[in-house]
Every structure is written in C-alpha cells, then in structure tokens.
Amino acid sequence: MLGRYHYYRLHPFTVAEATGRFVVPVIFKEIPISLTGEKEAFLSLDKFGGFPEPFIKQNIRTLRKWHQEKHDRLFREDIRDIEPVRDIMNMQLLGDMLPERAGSPLSVNSLREDLEVSHRAVSNWLNILEAFYYCFRIYPFVGKNYRSLKKEPKLYLWDWSEISDESVRFENCVGSHLLKFVYFLQDYEGYKAELYFLRTVDKKEVDFLVTIDKKPWFSVEAKTNDAGVSPHLHYFKNKLNIPYSYQVIKKSGVDRFINKIRVVSADAFLAGLI
C-alpha cells in the first residue's frame with residue numbers, strides 16, 4: 026500500500042560511509058570538499074571494492090575467492106533459481122566479458138556478435154544482471170539545448186574491484202559513489218535526481234553529470250593523473266551552463282581551480298558525498 030513503507034536501495038561502502046562522515050550536500054551548491062581528505066579509505070575502496078567482506082578484510086586472497094564465489098553463486102544459484110534462462114553458459118560468458126567493457130559505450134549488437142546469440146537474448150541478460158546488482162548503466166544526457174547523437178549507454182559494475190585496468194576501475198569507483206548519491210537524493214530527499222554522462226558525435230565527452238529536475242548541477246571527469254584539465258569540461262560547462270565542474274584525480278592532496286574548473290583529489294571529493 027502506498028505510504029506504508031519507503032523504498033531505499035543498498036549500495037557498496039563509500040568513502041563517506043567508511044569514515045563516518047555524513048554531510049548532505051545542498052542542491053545546486055558546491056560539493057563540500059573534505060579539508061583533510063580520506064586517503065586510506067579511498068585507496069582501500071579503489072583496490073578492494075565496496076562490498077563488506079573483501080573491503081573489511083583487505084586481503085588479496087579473500088578478494089580472489091570473493092570474485093570466484095560471487096560469479097559461481099550468481100549464475101549457478103541465484104539467477105538459475107529465479108529467472109528462466111535457457112542458455113546460462115552464454116549468459117555467464119557475457120558476465121565474464123563485461124569487466125573489460127566497463128566505462129565504454131555498450132553496444133548490444135557487438136556483444137550479440139561475439140556471443141553468436143540474438144539481440145533480444147543479450148538485452149534480456151543485461152536486464153537480469155542489472156536486477157541482480159551485477160552491473161548498472163547510465164545514459165547520455167538530453168536537454169532542451171543539447172542532444173547527444175549517440176544513444177548507447179555506458180556500463181559499470183557494482184563491484185569495481187573486478188576491473189583490472191586502473192583508470193577504468195577508478196572511473197567506475199567514482200561513478201558508483203555518484204550513483205549512491207543520486208539514489209540517496211531520490212529515495213531519502215525525494216528529488217528527481219539523475220546521473221548521466223555527456224558525449225557528442227565528434228567525441229567530446231565528460232564522464233558524469235548530475236541533474237535535478239533535468240537541470241545540470243555538476244559534472245565530473247575522473248582522471249588517474251593530474252596532466253591538465255580536460256577541455257571537454259569547459260565545453261560542456263559553457264554549452265549547458267553547468268554551475269559546477271570537477272576534475273577528480275586519484276592523487277591525494279590536490280585542490281585548486283583552473284578557469285572555473287575545480288581539480289580535486291578523489292578522497293576529498295568523494296568524502297563530500299554520501
């Protein structure tokens with residue numbers, strides 16, 4: 026019955042949760058950057074992911090066993106027992122392929138060709154994997170004065186520790202923090218908050234955009250190094266009139282403004298979320 030309960034979604038640990046920090050950002054205001062940073066918590070999350078067992082134990086052997094057992098139980102028990110999937114082996118192959126495709130535009134047609142199955146089958150399997158919290162997709166932003174010409178979503182994993190590529194794993198970690206923040210704004214605060222990415226047909230792209238009521242609030246570009254501000258942050262900031270833009274980098278101890286773009290360490294930025 027409507028009103029009898031509220032719907033809240035659980036998420037992996039984040040920097041703010043792991044350190045006991047809880048400062049809810051005010052919408053359309055600057056994200057409250059941590060002055061001290063939370064380097065150790067962030068590095069542990071980046072390496073071991075946010076699921077409790079591997080994160081708390083922080084042991085590589087435990088992490089390997091976690092990955093192995095999670096896959097076995099997901100496909101051989103959870104999905105098999107609940108969903109009528111005929112070709113569970115090919116679906117498991119799809120699951121094995123997804124970590125290498127995280128952070129990139131997801132082409133169902135390309136996956137279909139690799140697996141030699143139908144488009145409908147791959148689409149159905151992806152929906153099931155999302156329902157079982159294996160992966161999630163974010164879509165390109167479409168606004169009144171801006172329309173992405175490419176419609177493919179980008180895919181990320183709930184357990185980013187599966188991703189071997191450092192830069193992709195870092196981007197996924199940042200994206201998961203932002204997804205939790207957006208879901209908090211939806212589930213707890215009641216805002217129509219959404220997480221998108223930005224991309225044009227000529228390959229201008231920014232990793233993430235958070236909106237309230239379809240109005241851009243802030244954009245985020247995740248970088249493992251501090252080689253310079255992405256020009257695409259400037260482009261979209263001016264094109265869409267985005268109030269705040271951040272280049273979030275893995276290196277600790279960084280917080281400066283460059284032409285209205287805030288370049289900030291991931292541990293300090295993520296500690297300002299939920």
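Here the sequence shown is numbered in our numbering, starting from 26 and rising by one per residue.
The C-beta atom is built at its ideal place from N, Cα and C for all residues, glycine as well.
Nothing here was measured: the structure is a model prediction, and the numbers come from that model.
- Query: Do E63 and T39 have their C-beta atoms within less than 8 Å of each other?
  - Reply: no
- Message: Which residue wins for smallest C-alpha separation from E230, given the options F222, P77 and I237?
- Response: F222
- Message: One question on the structure: do P57 and G297 come within less than 8 Å of each other, judged by their Cβ atoms?
- Response: yes
- Query: CA-CA distance, A41 and I104?
  - Reply: 32 Å
- Task: Determine the DSSP secondary structure at Q83, reduced to helix, strand or coil.
- Result: coil
- Between which two residues does the beta strand (DSSP E) containing T236 stretch? E230 to I237
- Message: Suppose the cutoff is 6 Å on Cβ atoms and the five residues either side in sequence are ignored; what does the same chain contact list for V48 look like?
- Response: P57
- Query: For Y30 versus D212, is the C-beta spacing smaller than 8 Å?
  - Reply: no
- Item | Nearest to Y158 (by Cα), restricted to the options F100, G215 and S135 | Put simply, of F100, G215 and S135 the residue whose alpha carbon is nearest the alpha carbon of Y158 is F100.
- Can you give the Cα-Cα distance for L204 and L210, rounded to whole angstroms? 10 Å
- Report yes or no: do the region 194-204 and the region 231-245 share at least 3 C-beta pairs separated by less than 8 Å? yes
- If you follow the beta strand (DSSP E) that Y271 is part of, which residue opens it and which one closes it? Y269 to I274
- Query: Counting only runs that start and end within the region 191-255, where is the alpha helix (DSSP H) found for 4 or more residues in a row?
  - Reply: 191-212
- Under the three-state DSSP convention, the category P165 falls into: Strand.
- Hey, how far is the Cα of V133 from the Cα of M122? 12 Å
- Item | Local conformation of L298 per DSSP, three classes | coil
- Kindly indicate the opening and closing residues of the alpha helix (DSSP H) around I104. I104 to I107
- Output the distance between the C-alpha atoms of D232 and E196, rounded to the nearest integer angstrom. 8 Å
- Grab the span of the alpha helix (DSSP H) containing I153 for me, first residue to last. H144 to A156
- Task: Just the C-alpha distance for L70 and E214, rounded to the nearest angstrom, thanks.
- Result: 26 Å
- Query: With burial defined as no fewer than 16 other Cβ atoms inside 10 Å of the residue's Cβ, what is the status of R363: buried or exposed?
  - Reply: The question about residue 363 has no answer here: the residues shown for the chain are numbered 26 through 299.
- List the endpoints of the continuous beta strand (DSSP E) containing D280. D280 to I283
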